[in-house]
Each structure stands twice: as structure tokens, then as C-alpha cells.
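Worksheet: one structure, shown below.
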Amino acid sequence: MRRISTLTAIVFAFLFAASAPAYADKLADIKAKGFVQCGVGGDLPGFSKQDKDGQWRGLDIDICRAVAAAVFGDAQAVKFTPLTAAERFEALRSGKVDILSRNTSWTMAHDTQRGVRFVGVSYYDGQGFLVPARLGVESAKGLSGARVCVLSSTTSELNVADFFAANAMILQKKTFKTAAEAVAAYEAGECDAYTTDRAGLAARRLGLKEPGAHVVLPEIISKEPLGPAVAAGDDRWFNVVRWTLMALINAEELGVFSTNIEELKKSRNPAIRRLLGLEGDFGAKLGLPKDWAAKAIAAVGHYGEIYDRNVGPASKLKLKRGVNALWSQGGVMYAPPIR
Ligand SMILES: N[C@@H](CCC(=O)N[C@@H](CS)C(=O)NCC(=O)O)C(=O)O
112 MRRISTLTAI VFAFLFAASA PAYADKLADI KAKGFVQCGV GGDLPGFSKQ DKDGQWRGLD
172 IDICRAVAAA VFGDAQAVKF TPLTAAERFE ALRSGKVDIL SRNTSWTMAH DTQRGVRFVG
232 VSYYDGQGFL VPARLGVESA KGLSGARVCV LSSTTSELNV ADFFAANAMI LQKKTFKTAA
292 EAVAAYEAGE CDAYTTDRAG LAARRLGLKE PGAHVVLPEI ISKEPLGPAV AAGDDRWFNV
352 VRWTLMALIN AEELGVFSTN IEELKKSRNP AIRRLLGLEG DFGAKLGLPK DWAAKAIAAV
412 GHYGEIYDRN VGPASKLKLK RGVNALWSQG GVMYAPPIR
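Here my numbering is used: the first residue of the sequence shown is 112, the next is one more, and so on.
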């Protein structure tokens, strides 16, 4: 009898251990904490920057607000942590931040060597060069021998070396930890060019004393699919962040704006009804309320609204939609369906 109960205890202990998740439940932790901690660049107009009233603004910011709205029904239930490129992955892995939404490129090395997972793409970018117009350089191929300012621990640093090597050009690379330092050096004439993602160049150019005296060269030397990432090893949290982003993109395709949600609750379109939580149990399967996506869209708008407000043609950055248009409108922005 005694032996049987010992055996039973061992079997139970084994079963319990086997059924316990191999990772912490991030979503449960975040719900208990009451807010989402979001790692951002923090100094890039259009993507993440505080306005003069201390309000965080930008495309990267809105993605985190959408997740907060999906989880808590409250887009303000989020705190932001500015991170340098060198700090960003460790901050995510260590749990200092729950999401990284920081002009970060989805690459194979980032997926396989950094312990993080990209949930999707929120902005398709590519690397370019900013040069003083007075240099008269018209093409990046004319930059051999140039001193180039670039951020350390970024794909930008690797790509510029590749581009110069591939074209048998001489590179004098000057690296900096923050964009503010790199741009200050560029503006002081310590570099002949500043290189980073082209949206970043457009933003930085506007912050220069004389934006008109600087030009962005035509070449796009790399693919930079920028998107939110989470720490590897927690599928539930990964799904929450991934499907919030997908919901924002699907909402644009379905014509669901921040302003017409109430009206569209009467829609007979099943895809709209699923998105708004009126059919199916998609919210429950994520561990969220039925109206998770409706709350996210109501808070920040669909992907197109987010794009236009922060970086689009009517914003300060004036970036055309280009490849970031929906797939059905000539771009590559495409979200798997909610079904
Ligand atoms: N996408 C590249 C570059 C990332 C990066 O650090 N970009 C700069 C300039 S576009 C940035 O966001 N800096 C943050 C800031 O200036 O606040 C990568 O993932 O390595």
C-alpha cells in the first residue's frame, strides 16, 4: 500500500511537471502587472518620440498602444523604454520589455541568434545615404573614400560594409551608439554621409539646421523589414502581438476605420464580423476579450490610418505609401486572414 502511494505520488509529480508550461506565461504576467512595457528607439520622429507635452507619438508607439488596447481595452496601459540598438535584444530576452517596437529589422541572425521572434512587418524599409548637397554626389557609387557615419550594432553597419566591398569602394566608417550622436557628427562635417534606414534618413533630415542643404541618394542598398518582436519561447504572447498587428492590417483591407466600428457592427460581411468579435471565438483563443481587435482599431486606427498619421504624405515625414501599400493596392503589406 505504502509502495503504491509512493509510486502514485511519483507518477503525479511526473504528470504535473510534464503538463506545466516550459515557459512563463507572459500574457498572465502582463495582465497581473496591468500594463505592457514596450521598448522603443525613443528619438525618431514618425516612429517613436515624445512630443512637447511628453506624449509618445509614432508608428512604433501605436503598435504598442494597439496591443495594450487589445489586452486591456486601454491604449494608455503601456509604458515606453527607450533602447539603443546594442541594448534592444537583451532588454527583450531579460524581460525588461515585453515588446520591442523599435525600427528593428527582421533578419535571419536576429531570429536565430538573438533569442527573439519577429511577429510580422509593420514597415518595409531599405537602407540609404544622406549627403550634403554641396558635395555634388548623385549616386551612392560615388562615395568611395567617403567618411560614413553609422550606428553600431545595427544592420546598417553591416550593409554599408557589404555595399562598399561589393562595389570595390573604400569605406571610412565612423560608428556611434545613438542616432543623435551620429547625426551631430555628420552635421559638424565629421562625416561625408550618414547611412541608416531611409525612413530614418527622412526623419533625421528634417531635424537638421538646413534640411534643404542635404539630399537622400537614390540607391536602396538593403531590405529592412521593420517590425515588432517578442522574446522567444512564449507562443501565447507571440500570438497576441502577431495577431494585433495582423488585425490592424486586415482592418484596412476590410475598410474598418477607428471611426466606423459601431456602424460596421451591423455589417453582414463575415470577415468583418470575425474581426470585430461578433462571430467565432478568436479573442478567447488568444486569451483576450471578444472585442480585442475592435478595441485596438478604435484606439489607433487601421494600419493605413497609423501610417498616414505618423509618416504618410500629409505628415511631416511625407513618405509615400510605396511598398507599404496593401497587396491589393500594389504594395506588399499582406496579413493572413482571421478565420
Ligand atoms: N533597422 C536597423 C537599424 C535600427 C536603428 O537603430 N535605427 C535607428 C535609426 S533609423 C534608430 O531607430 N534609432 C533610434 C533613435 O534614433 O531613437 C536594425 O535593425 O539594425
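Every residue gets a Cβ at the ideal spot worked out from N, C-alpha and C, and that includes glycine. None of the values given here were measured: they were computed from a predicted structure.
Exercise. In chain order, what residues of the same chain have a beta carbon less than 6 Å from the beta carbon of Ala133, not counting five sequence neighbours either side?
Worked result: For the purposes of this step, residue 133 is taken as the residue at position 22 of the sequence shown. In this prediction, Ala133 has a pLDDT of 48, which is less than 50 and means its spatial position is unreliable; nothing more can be read from the coordinates.
Problem set entry | Coarse secondary structure for Asp236, derived from DSSP in three states | By 1-based counting over the sequence shown, the position of residue 236 is 125. Asp236: strand per DSSP, three-state reduction.
For this session: Please report the residue range of the alpha helix (DSSP H) in which Gln224 lies.
Result: Looking up residue 224 in the sequence shown gives position 113. That run of the alpha helix (DSSP H) goes 219 to 224.
Exercise. Three-state secondary structure (DSSP) at Ser439?
Worked result: Counting from 1 along the sequence shown, the entry for residue 439 is found at position 328. Note: Ser439 maps to helix in three-state DSSP.
Exercise. Under a Cβ-count criterion, where at least 16 other Cβ atoms within 10 Å of its own Cβ denotes burial, should Glu321 be classed as buried or exposed?
Worked result: Residue 321 sits at position 210 when you count from the first residue of the sequence shown. Result: exposed.
Problem set entry | Integer Cβ distance of Leu194 from Arg213, believed to fall under 8 Å | Locating residue 194 in the sequence shown gives position 83, counting from the first residue. Locating residue 213 in the sequence shown gives position 102, counting from the first residue. Right, their Cβ atoms sit about 6 Å apart.
For this session: With DSSP collapsed to three states, give me the class of Glu364.
Result: Translated into positions along the sequence shown, residue 364 becomes position 253. Residue state, collapsed to three classes: helix.
For this session: From the DSSP output, in three-state form, read off Leu359 for me.
Result: Numbered from 1 along the sequence shown, position 248 holds the residue referred to as residue 359. If DSSP states are grouped into helix, strand and coil, Leu359 belongs with the helices.
Exercise. Does DSSP put Thr266 in a helix, a strand or coil?
Worked result: Looking up residue 266 in the sequence shown gives position 155. Three-state result, Thr266: helix.
For this session: Tell me whether the beta-carbon of Ala251 lies closer than 9 Å to the beta-carbon of Gly239.
Result: Counting from 1 along the sequence shown, the entry for residue 251 is found at position 140. Counting from 1 along the sequence shown, the entry for residue 239 is found at position 128. Yes, they are a contact pair.
For this session: Put Ala133 into one of helix, strand or coil per three-state DSSP.
Result: In the sequence shown, residue 133 corresponds to position 22, counting from 1. The predicted model places Ala133 with a pLDDT of 48, which falls under 50 and marks its position as unreliable; any figure quoted below should be read in that light. Coil, per DSSP.
For this session: Confirm the yes/no value for this check: CB of Ile216, any heavy atom of ligand 1, distance under 8 Å.
Result: Counted from its first residue, the sequence shown places residue 216 at position 105. The displayed chain sequence assigns Ser, not Ile, to residue 216. Ser216: yes, Cβ under 8 Å from ligand 1.
Exercise. Ligand 1 heavy atoms versus the CB of Leu246: any closer than 8 Å?
Worked result: Indexing the sequence shown from 1 puts residue 246 at position 135. No, since every heavy atom of ligand 1 falls outside the 8 Å radius drawn around the Cβ of Leu246.
For this session: Give the DSSP-derived three-state secondary structure of Asp345 in the structure shown.
Result: Taking the sequence shown and counting its residues from 1, one reaches residue 345 at position 234. Asp345: coil per DSSP, three-state reduction.
Problem set entry | Nearest candidate by alpha-carbon position, reference Thr266, set Leu254, Val182, Thr286, Val443 | By one-based count along the sequence shown, residue 266 stands at place 155. Considering only alpha carbons, the answer is Thr286.
Exercise. Any heavy atom of ligand 2 within a distance shorter than 8 Å of the CB on Thr355?
Worked result: Of the ligands one can find in the structure shown, namely ligand 1, none is ligand 2.
Problem set entry | For Ile210 and Pro339, believed in contact at Cβ under 8 Å, the rounded distance | By one-based count along the sequence shown, residue 339 stands at place 228. By one-based count along the sequence shown, residue 210 stands at place 99. Contact holds; Cβ gap of about 6 Å.
Exercise. So what does Trp167 bridge to, in DSSP terms?
Worked result: Within the sequence shown, the letter at position 56 stands for residue 167. DSSP output for Trp167 lists Gln161 as bridge partner(s).
Exercise. When every heavy atom of ligand 1 is checked, does at least one fall within less than 8 Å of the C-beta of Glu301?
Worked result: Here residue 301 refers to the residue found at position 190 when the sequence shown is read from its first residue. No, since every heavy atom of ligand 1 falls outside the 8 Å radius drawn around the Cβ of Glu301.
For this session: Label Phe127 either buried or exposed according to how many other C-beta atoms from any shown protein chain fall within 10 Å of its C-beta, with 16 as the threshold for buried.
Result: Taking the first residue of the sequence shown as 1, we reach residue 127 at position 16. At Phe127, the pLDDT of 48 sits below 50, so the modelled position is not reliable; the number obtained from the coordinates is stated separately. That one is exposed.
For this session: Tell me whether the beta-carbon of Arg353 lies closer than 9 Å to the beta-carbon of Gly226.
Result: Counting from one through the sequence shown, the residue named residue 353 turns up at place 242. Counting from one through the sequence shown, the residue named residue 226 turns up at place 115. Taking 9 Å as the Cβ cut-off, Arg353 and Gly226 do not qualify as a contacting pair.
Exercise. Using the rule of at least 16 other Cβ atoms within 10 Å of the residue's Cβ for burial, across every protein chain shown, is Asn371 buried or exposed?
Worked result: By 1-based counting over the sequence shown, the position of residue 371 is 260. The residue in question, Asn371, is exposed, as its Cβ has fewer than 16 Cβ neighbours within 10 Å.
For this session: Let me know the secondary structure DSSP gives Tyr445 once reduced to three states.
Result: Counting from one through the sequence shown, the residue named residue 445 turns up at place 334. Reduced to three states, the DSSP call for Tyr445 is coil.
Exercise. Val208 and Gly153: beta carbons closer than 9 Å?
Worked result: Residue numbering aside, residue 208 sits at position 97 when the sequence shown is read from its first letter. Residue numbering aside, residue 153 sits at position 42 when the sequence shown is read from its first letter. Result no, Cβ atoms of Val208 and Gly153 do not sit closer than 9 Å.
Exercise. Which residues bound the alpha helix (DSSP H) around Asp419?
Worked result: Here the question's residue 419 lines up with position 308 in the sequence shown. Looking at the DSSP string, the run of the alpha helix (DSSP H) that includes Asp419 is 414 to 421.
For this session: With distances taken Cα to Cα, identify the nearest neighbour of Thr215 among Arg347, Ala202, Phe229.
Result: Residue 215 sits at position 104 when you count from the first residue of the sequence shown. When only C-alpha atoms are compared, the closest one is Phe229.
Exercise. Quick one, are the C-beta atoms of Arg204 and Ala310 less than 9 Å apart?
Worked result: Here residue 204 corresponds to residue number 93 of the sequence shown, with the count starting at 1. Here residue 310 corresponds to residue number 199 of the sequence shown, with the count starting at 1. Not a contact, by the Cβ cut-off of 9 Å.
Exercise. Using the beta-carbon count (16 or more within 10 Å), is Glu137 buried or exposed?
Worked result: Position 26 of the sequence shown, counted from the start, is the residue given in the question as residue 137. For the record, residue 137 in the displayed sequence is Lys; it is not Glu. Answer is buried; the Cβ neighbour count reaches 16.
For this session: Let me know if Thr355 comes out buried or exposed under the rule of 16 or more other beta-carbons within 10 Å of its beta-carbon.
Result: In the sequence shown, residue 355 corresponds to position 244, counting from 1. By the neighbour-count rule (16 or more Cβ atoms within 10 Å), Thr355 is buried.
Exercise. What's the C-alpha gap between Gly315 and Glu330?
Worked result: Numbered from 1 along the sequence shown, position 204 holds the residue referred to as residue 315. Numbered from 1 along the sequence shown, position 219 holds the residue referred to as residue 330. According to the sequence displayed, residue 315 carries Arg and not Gly. Distance between the alpha carbons of Arg315 and Glu330 is about 18 Å.
Problem set entry | Whole-angstrom distance between Glu390 and Leu437, CA atom to CA atom | As a working note, residue 437 is residue 326 in the sequence shown. As a working note, residue 390 is residue 279 in the sequence shown. For Leu437 and Glu390, the distance between alpha carbons rounds to 25 Å.
Problem set entry | Check: Phe158 C-beta below 8 Å from any heavy atom of ligand 1 | Counting from one through the sequence shown, the residue named residue 158 turns up at place 47. At least one heavy atom of ligand 1 is nearer than 8 Å to the Cβ of Phe158, so yes.
Problem set entry | Contact test: Asp273 Cβ vs ligand 1 heavy atom, cutoff 8 Å | Counting from one through the sequence shown, the residue named residue 273 turns up at place 162. No, since every heavy atom of ligand 1 falls outside the 8 Å radius drawn around the Cβ of Asp273.
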